[in-house]
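Reviewing the structure listed below.
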Amino acid sequence: MAAIDPTRGFLKDVKRVVIKVGTAVVTRDDGRLALGRLGALCEQIQILNSQGFEVILVSSGAVGAGRQRLRYRKLVHSSFADLQKPQVELDGKACAAVGQNGLMALYDTLFSQLDVTSAQLLVTDNDFRSPDFRKQLTETVDSLLEYKVIPVFNENDAVSTRRAPYEDSSGIFWDNDSLAALLALELKADLLVLLSDVDGLYSGPPSHPQSKLIYTYIKEKLENTITFGDKSRLGRGGMTAKVKAAVYASQAGIPVVITSGFAGDNIIKVLQGQRIGTLFHQDADKWVSTGELNSRDMAVAARESSRRLQAMPAIERSKILLDIADALEANEKIILHENEADVANAKDAGYETSLISRLVFKPGKVSGLAKAMRVLANMEEPIGQVLKKTELSDGLILDKTSSPLGVLLVIFESRPDALVQIASLAIRTGNGLLLKGGKEARRSNAILHKVITSAIPESVGGGLIGLVTSRDEIPELLKLDDVIDLVIPRGSNKLVSQIKSSTKIPVLGHADGICHVYVDKSADMEMAKNIVVDAKADYPAACNAMETLLVHKELMENGGVNELLIELQTKGVSINGGPRASELLNLPAAPSFHHEYGSLTCTLEIVDDVHAAIDHIHTHGSAHTDCIVTQDREVADIFLRQVDSAAVFHNASTRFSDGFRFGLGAEVGISTSRIHARGPVGVEGLLTTRWIARGSGQVVDNDKGVVYTHRDLTHQA
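1 is the number of the first residue of the sequence shown in full-length UniProt numbering; add one for each residue after it.
What follows is the structure, encoded as structure tokens:
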């Protein structure tokens, strides 16, 4: 039994239901009527009728059934010579007339066996142009239902004047799906059930292994992202027609469920509220904040939009970034207003000072983000760059080119400015993007996402960048290794570790920012004080801020350590000590050498020399960013060569470890991984490569006729 869907609780109040059954359900592959399926349909209707439901049936299948009969009659009355001639397609009107008679005879027989009476009502498009007809139709149906008679509707194709194309602006309905939607509205039904030959609406063709059943349809999110399969095998409709009819009816207030007519009890299950088929409801966008909409459907939408983005000329992709930069500045007041609300809520909730520091938009932040975005827009086009060109053999050239990764999932905490940086990089590199920010920045993230996606042209689609709003969706997102290509977590050690252990998707990022500054005995102390203070106090909450200060033991003897302590304490920095420093300087013990404060606190430890400093960093560091301050070039070279971190500096603050400061335009994060990208991850880190070969008819044929040259053409004009 399928699970009961809590969003379908309204079904308990349904009384009048319109059921539409299509040609693919009514008939078999050979065109004959499907007696078993029709029998199961009639049995379900009989059960509903006995339970007090008012059931109206709209049935296709007359043309298909009639075609099968007329083919037989034609065969019987044809001579051998007639059969040798090209066969002319049978008249559809005649097929409809013959088939309708047999179809209704079968319904009458099946219903009679169940002690149910049915009535035939044939209508045409033009009938509904008459207000008198519509009034009489309602009165007739109401009267039939009062007697528990099942009205069976079909379009009167035998006399209908409509010709292909069936759907145009002059029509009232175009097929039995749209007729069923129209009748549901005219007759004030509580529910419309459209029976299909598949289980419901899928994210792609149902036969595709990656396609997933969509349980709740959200028009705003999905209308441009669904790939439909073939149209109906026999009828005029198909899933495209069903979705159009379902959207039309649901937006007018009639809930719709598309489900399979091949199962013998699906109508009963729908009315029980079971989670089968695809539900269309005018309030569905208010219900669905989790599940398939914000996971697979968003990821698929991001992938499809990214492919449209990649197909655009480079100048148009750059213009999108320029338009977003303008939009950010134009909406600065409302962005700051929403951010102030987040900050106030965070303070009221008692969040740590370090988190609030990362959350707040300081003056000039929005304009700074817009400026960085313009810099990124004017950078060299990153997609399709030829990285290597090789002549494999005469006339066969192979290019190694830069290419987008696909769809990125970035999970970040606190910093709403990260949303802008990440989105700009995704657009520049042609990647789709799903973003999950922290709840403390909910309003900031929402307004930034709205501003950014509003500036993305419709030809690409706002689905390029999806904003995930619930933590409950993360486990589902992490399962989508067939749609999402890279996960980039930005946050606490706990967050990153949980994500790495919960997904098959490659993860790029760092779990900690345990950055060190080692002050050597030969350091210029004025320089050292400036670097140490900047590394700790410029932005203590940043992942590239210094957390541990290592000093050469000789600085204990010449007073250098005291100078550093005084300078830090003057700036409001609290200092904890490692075992040696605590004993020698009477400092409070550090909780751990592997501790990221994210505030105006750091750990100090004394080491014997550069080699001891390197060993300490390798033992307790996070391979993020580490720095040496020294005037001794030989010692500096040892440190730069041997410290195995993503970024290693000589006489420069760790705070320079940043995508914008590196000239990358922006960054999605800093990676301590050793595969793909390392350090600040900008444009290059969000690209992979493709191989493009251009030949002139070459074949391998066991390499018999191929003379390989493997000549490097990369630097040739």
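The beta carbon of each residue, even a glycine, is placed where N, CA and C say it ideally should be. Here the structure is a predicted model, which is why all the values come from computation and not from measurement.
Item                                                                                                    : Value
Identity of the residue in 598, 31, 186, 12 nearest residue 56 by Cα                                    : 186
Of the residues 551, 531, 584, the one placed nearest residue 571, counting alpha carbons only          : 531
Exposure of residue 597, with buried meaning 16 or more beta-carbon neighbours within 10 Å              : buried
Cβ contact check for the stretch 438-448 and the stretch 412-422: 3 or more pairs under 8 Å             : yes
Length-filtered (4 minimum) alpha helix (DSSP H) runs lying within the stretch 539-606                  : 554-557, 560-570, 579-585
Beta-carbon separation (whole angstroms), residue 269 vs residue 276, contact threshold 8 Å             : 5 Å
Pairwise C-alpha distance: residue 190 and residue 109                                                  : 28 Å
Under 8 Å between C-beta atoms of residue 606 and residue 584                                           : yes
Residue 509 vs residue 645 beta-carbon contact at 8 Å                                                   : no
Residue 215 and residue 279 closer than 8 Å at C-beta                                                   : yes
Residue 602 vs residue 573 beta-carbon contact at 8 Å                                                   : yes
Run of the beta strand (DSSP E) containing residue 712, from where it starts to where it stops          : 708-712
Beta carbon of residue 422 nearer than 8 Å to that of residue 338                                       : no
Segment contact, 8 Å Cβ cut-off, at least three pairs: the stretch 473-492 with the stretch 320-330     : no
CB contact flag (residue 375, residue 528, <8 Å)                                                        : no
When 52, 25, 43, 70 are compared against residue 60, the one with the closest alpha-carbon              : 25
For residue 265, the three-state DSSP class (helix, strand or coil)                                     : coil
Contact set for residue 231: own chain, Cβ-Cβ below 6 Å, skip 5 residues either direction               : Caution applies to residue 231, whose pLDDT of 46 falls short of 50 and renders its modelled position unreliable; the model cannot decide the point.
Beta-ladder partner(s) of residue 260, from DSSP                                                        : 196
Cα-Cα separation, residue 593 to residue 638                                                            : 23 Å
Residue 502: CB within 7 Å of a non-hydrogen atom of the ligand NAP                                     : The model depicted lacks the ligand NAP and carries no ligand whatsoever.
Own chain, CB closer than 8 Å to residue 341, minus 5 neighbours either side, in chain order            : 443
Exposure label - residue 50; buried when at least 16 CB within 10 Å                                     : exposed
Cβ contact check for the stretch 110-120 and the stretch 37-53: 3 or more pairs under 8 Å               : yes
Residue interval of the beta strand (DSSP E) (run including residue 154)                                : 150-155
Residue from 122, 118, 70, 114 with nearest C-alpha to residue 98                                       : 70
Top-ranked residue by Cα proximity to residue 600, from 471, 547, 436, 28                               : 547
C-alpha gap between residue 680 and residue 545, whole angstroms                                        : 14 Å
Inter-stretch contact (C-beta, 8 Å, three-pair minimum) for the stretch 452-464 and the stretch 297-311 : yes
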